[in-house]
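Working notes for the structure below.
Number of protein chains: 2
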Amino acid sequence: MPERAVCLVSGGLDSATCLAWARRQGWECYALSFDYGQRHRQELEAAARVAAAIGAERHVTARIDLRQFGGSALTAEINVPKHHSVEEMGQGIPITYVPARNTIFLSFALAWAETLGAGHVVIGVNAIDYSGYPDCRPEYVAAFERMANLATRAGVEGNTPLRIHTPLIELSKSGIIRLGVDLRVDFSLTRSCYDPSPDGHACGACDSCLLRLRGFADAGLPDPLAYVDR
Amino acid sequence: MPERAVCLVSGGLDSATCLAWARRQGWECYALSFDYGQRHRQELEAAARVAAAIGAERHVTARIDLRQFGGSALTAEINVPKHHSVEEMGQGIPITYVPARNTIFLSFALAWAETLGAGHVVIGVNAIDYSGYPDCRPEYVAAFERMANLATRAGVEGNTPLRIHTPLIELSKSGIIRLGVDLRVDFSLTRSCYDPSPDGHACGACDSCLLRLRGFADAGLPDPLAYVDR
Numbered sequence: 001m002p003e004r005a006v007c008l009v010s011g012g013l014d015s016a017t018c019l020a021w022a023r024r025q026g027w028e029c030y031a032l033s034f035d036y037g038q039r040h041r042q043e044l045e046a047a048a049r050v051a052a053a054i055g056a057e058r059h060v061t062a063r064i065d066l067r068q069f070g071g072s073a074l075t076a077e078i079n080v081p082k083h084h085s086v087e088e089m090g091q092g093i094p095i096t097y098v099p100a101r102n103t104i105f106l107s108f109a110l111a112w113a114e115t116l117g118a119g120h121v122v123i124g125v126n127a128i129d130y131s132g133y134p135d136c137r138p139e140y141v142a143a144f145e146r147m148a149n150l151a152t153r154a155g156v157e158g159n160t161p162l163r164i165h166t167p168l169i170e171l172s173k174s175g176i177i178r179l180g181v182d183l184r185v186d187f188s189l190t191r192s193c194y195d196p197s198p199d200g201h202a203c204g205a206c207d208s209c210l211l212r213l214r215g216f217a218d219a220g221l222p223d224p225l226a227y228v229d230r
Numbered sequence: 231m232p233e234r235a236v237c238l239v240s241g242g243l244d245s246a247t248c249l250a251w252a253r254r255q256g257w258e259c260y261a262l263s264f265d266y267g268q269r270h271r272q273e274l275e276a277a278a279r280v281a282a283a284i285g286a287e288r289h290v291t292a293r294i295d296l297r298q299f300g301g302s303a304l305t306a307e308i309n310v311p312k313h314h315s316v317e318e319m320g321q322g323i324p325i326t327y328v329p330a331r332n333t334i335f336l337s338f339a340l341a342w343a344e345t346l347g348a349g350h351v352v353i354g355v356n357a358i359d360y361s362g363y364p365d366c367r368p369e370y371v372a373a374f375e376r377m378a379n380l381a382t383r384a385g386v387e388g389n390t391p392l393r394i395h396t397p398l399i400e401l402s403k404s405g406i407i408r409l410g411v412d413l414r415v416d417f418s419l420t421r422s423c424y425d426p427s428p429d430g431h432a433c434g435a436c437d438s439c440l441l442r443l444r445g446f447a448d449a450g451l452p453d454p455l456a457y458v459d460r
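Protein chains in written order, with our numbering: chain A, 1 to 230; chain B, 231 to 460.
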């Protein structure tokens, strides 16, 4: 029986590359997305396309409501910041930061992994282009893994421990794109924009678009997505 | 300005005692409950009563769906195990264990705490009468606290660290009941049964009822709740 992995899939190019990486390990992959009231709901449709295209065994979207806690441009009625270049982006933790988001996502992944008997969780966090999010750092992921192995039956009964894999953590955006190309990811299925137009065009000016565009430029590859005229 | 605390409130007597303990510290308390498809929905009504009676600043019920992951008698269609005494209860991790439940609950508490600027999270876990749940052990709570302080702005920006408080962790059930009485908790507002009758009577035979009944007996106090005739 193949080993099982729970893979967090957002619909973006990072998590699509992670899912393809997990498939390449030979793991049976269970794709997990979150409907957390995000403004960019096109992500969820992209996540379903990506999971199907890359061959996930199953795709589940967990509905959670972070809006009642407030506090982020991605879930509340705050304008998404726009810039003309990566250099112009703010320093420090951006207002698009969602409190404890990766901790909540990994906690759900942990619950599903325990139910499935999966020994692997894969998350596309990245410490290079992470835009100042505290929960994208290696020391955070290591602390989560340690906690997870004390939280579950595996920790008590001495079964196989859970590993949290972060195959992108040391890669630049262009490195992620090159890895995805190697793994034959169809990036036209992915979505990255925090603030797409109603007809589905990416804004080209939010932090996520700027990092994506620079990644494709640095990799010397065209981005297959449509962007609004600026 | 008083310090703020997020207090997990289930509607049971343990978390009611925790909330009263947190109020006694002088903290402004934000009560957090979860609607996770539990069969014993009377808990949620009890949680709202308890939060109001003990003086929480606000009470939020977060809706999360663990049923799609399966795997527990409390959320799936498995019969709740019944016994005649505490001694007859099973050893090891019971089938009422919900995978990663406390990790998910604490993750939401962490998100709200960060949004509120709260430096305290209070959870009524108990290592004595914990019935074999791995995520009720002190080493688990310590690992979560460490992870939480790497996950958030506090960890990056060097603000006040978050403390996870477990005021009941070393207490027996009778010790918890005595503490609650000292703190003037009205235990008639609480609910503990995993499988109450339609008219709201506790079954008196699930693990949770058996522990509660023995706790009141050991404390030499009457349980104010109504139980079904057996």
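From the three backbone atoms N, C-alpha and C, an ideal C-beta is built for every residue, glycine too.
(message) Assuming aspartate 244 of chain B and leucine 398 of chain B are in contact, meaning their beta carbons sit under 8 Å apart, how far apart are those beta carbons, in whole angstroms?
(response) Sure, about 6 Å apart at Cβ, within 8 Å.
(request) Compute the distance between the beta-carbons of alanine 246 of chain B and valine 355 of chain B, then report whether it is under 9 Å. (result) Not closer than 9 Å, so no.
(request) Grab the span of the alpha helix (DSSP H) containing serine 438 of chain B for me, first residue to last. (result) Taken as a continuous stretch (DSSP letters only), the alpha helix (DSSP H) holding serine 438 of chain B covers 437-449.
(request) Take every Cβ of the stretch 278-291 of chain B, pair it with every Cβ of the stretch 40-56 of chain A, and state whether three or more of those distances are shorter than 8 Å. (result) Of all C-beta pairs linking the stretch 278-291 of chain B to the stretch 40-56 of chain A, fewer than three are shorter than 8 Å, placing the two stretches out of contact.
(message) So alanine 341 of chain B and alanine 100 of chain A are supposed to be a Cβ contact under 8 Å. How far apart are they, rounded?
(response) The C-beta distance from alanine 341 of chain B to alanine 100 of chain A rounds to 4 Å, short enough to meet the 8 Å contact threshold.
(message) So with CB distances below 7 Å, who are the chain A contacts of isoleucine 294 of chain B?
(response) By Cβ distance, chain A contributes Ile64.
(request) With a 10 Å radius around its C-beta and 16 neighbouring C-beta atoms as the bar for buried, classify glycine 26 of chain A as buried or exposed. (result) When all chains shown are included, glycine 26 of chain A counts as exposed.
(message) I need the boundaries of the beta strand (DSSP E) containing cysteine 7 of chain A, first residue and last residue.
(response) Element bounds for cysteine 7 of chain A: 4-8.
(request) Compute the Euclidean distance between the alpha carbons of threonine 420 of chain B and phenylalanine 446 of chain B, then round it to the nearest angstrom. (result) Per the coordinates, the alpha-carbon of threonine 420 of chain B lies some 13 Å from the alpha-carbon of phenylalanine 446 of chain B.
(request) Note the first and the last residue of the continuous alpha helix (DSSP H) segment covering tyrosine 140 of chain A. (result) That run of the alpha helix (DSSP H) goes 138-151.
(message) Contact criterion: CB-CB distance below 9 Å. Does leucine 426 of chain B meet it with respect to chain A?
(response) Note that residue 426 of chain B is proline in the sequence shown, not leucine. Closer than 9 Å to the CB of proline 426 of chain B there is not a single CB belonging to chain A.
(request) Please name the residue in B/Arg254, B/Thr291, B/Arg383 whose C-alpha comes closest to that of serine 465 of chain B. (result) In the structure as shown, chain B starts at 231 and stops at 460, and residue 465 of chain B therefore has no counterpart that could be examined.
(request) Note down the Cα distance separating aspartate 223 of chain A from glutamate 45 of chain A, rounded to an integer number of angstroms. (result) About 19 Å.
(request) Give a yes or no on whether 9 Å exceeds the smallest Cβ distance from asparagine 126 of chain A to chain B. (result) Asparagine 126 of chain A is outside the set of residues whose beta carbon lies under 9 Å from a beta carbon in chain B.
(request) Spatial neighbours of alanine 343 of chain B within its chain, please: CB distance less than 7 Å, with the 5 preceding and 5 following residues excluded, ordered by chain position. (result) Cβ neighbours of alanine 343 of chain B beyond the five flanking positions: Val236, Val351, Leu392.
(request) Could you check the C-alpha separation between arginine 23 of chain A and glutamate 43 of chain A for me, to the nearest Å? (result) Each residue's Cα considered, the two are about 21 Å apart.
(request) Would you identify the three-state DSSP class for arginine 293 of chain B, choosing helix, strand or coil? (result) Arginine 293 of chain B: strand per DSSP, three-state reduction.
(request) Could you check how far apart the C-beta atoms of methionine 147 of chain A and alanine 373 of chain B are, in whole angstroms? I think they sit under 8 Å. (result) That belief holds up - the Cβ atoms of methionine 147 of chain A and alanine 373 of chain B are roughly 4 Å apart, short of 8 Å.
(request) State buried or exposed for proline 196 of chain A, treating a residue as buried only when at least 16 other CB atoms are found within 10 Å of its CB. (result) Per the 10 Å Cβ criterion, buried.
(request) List the residues of chain B whose Cβ lies closer than 9 Å to the Cβ of tyrosine 140 of chain A, in chain order. (result) Scanning chain B for C-beta atoms nearer than 9 Å to the C-beta of tyrosine 140 of chain A yields Met377, Leu380, Ala381, Gly385, reported in chain order.
(message) Pull the bridge partners of arginine 288 of chain B from the DSSP assignment, please.
(response) Looking at the DSSP assignment, arginine 288 of chain B forms a beta bridge with B/Tyr260.
(message) If we define contact as Cβ-Cβ less than 9 Å, is serine 208 of chain A a contact residue for chain B?
(response) So, not an interface residue.
(message) So that I know if they touch, is there some Cβ in chain B lying closer than 9 Å to that of alanine 143 of chain A?
(response) Yes, contact with chain B.
(request) Write down the C-beta distance between glycine 267 of chain B and serine 422 of chain B rounded to the nearest angstrom, noting that I regard them as a contact closer than 8 Å. (result) 19 Å between Cβ atoms; not a contact.
(request) Could you work out which residue in B/Thr396, B/His314, B/Ala286, B/Lys312 is closest to leucine 336 of chain B when comparing CA atoms only? (result) Nearest option by C-alpha distance: B/Thr396.
(request) Under the assumption that cysteine 433 of chain B contacts valine 458 of chain B (Cβ atoms under 8 Å), give the Cβ distance between them as a whole number of angstroms. (result) Rounded, the Cβ-Cβ distance is 6 Å, consistent with contact.
(message) Can you tell me whether arginine 253 of chain B is helix, strand or coil according to DSSP?
(response) The three-state reading of DSSP puts arginine 253 of chain B in helix, counting H, G and I together.
(message) Between glutamate 464 of chain B and cysteine 248 of chain B, how many whole angstroms is the CB-CB distance? I'm expecting something under 8 Å.
(response) The requested residue 464 of chain B does not occur in the structure, where chain B is confined to residues 231 to 460.
(message) Going by the DSSP bridge assignment, what does alanine 246 of chain B pair with across the sheet?
(response) DSSP, once it has assigned bridges, lists no residue as partnering alanine 246 of chain B.
(message) Just verifying my parser: in three-state terms, what is the DSSP assignment at valine 181 of chain A?
(response) Of the three classes helix, strand and coil, the one that applies to valine 181 of chain A here is helix, per DSSP.
(request) Using the DSSP secondary-structure output, state which residues sit across from valine 121 of chain A in a beta bridge. (result) Valine 121 of chain A has A/Val6, A/Ile164 as its beta-bridge partners, per DSSP.
(message) Report the CB separation of leucine 179 of chain A from alanine 109 of chain A in whole angstroms; it is logged as a contact under 8 Å.
(response) Rounded, the Cβ-Cβ distance is 21 Å, inconsistent with contact.
(request) Give the secondary structure of alanine 330 of chain B by DSSP, where H, G and I count as helix, E and B as strand, and everything else as coil. (result) Looking at alanine 330 of chain B - three-state DSSP - the assignment turns out to be coil, as it is neither helix nor strand.
(request) Please classify alanine 456 of chain B: is it buried, with 16 or more other beta-carbons within 10 angstroms of its beta-carbon, or exposed? (result) By the beta-carbon neighbour count (other beta carbons within 10 angstroms, threshold 16), alanine 456 of chain B is exposed.
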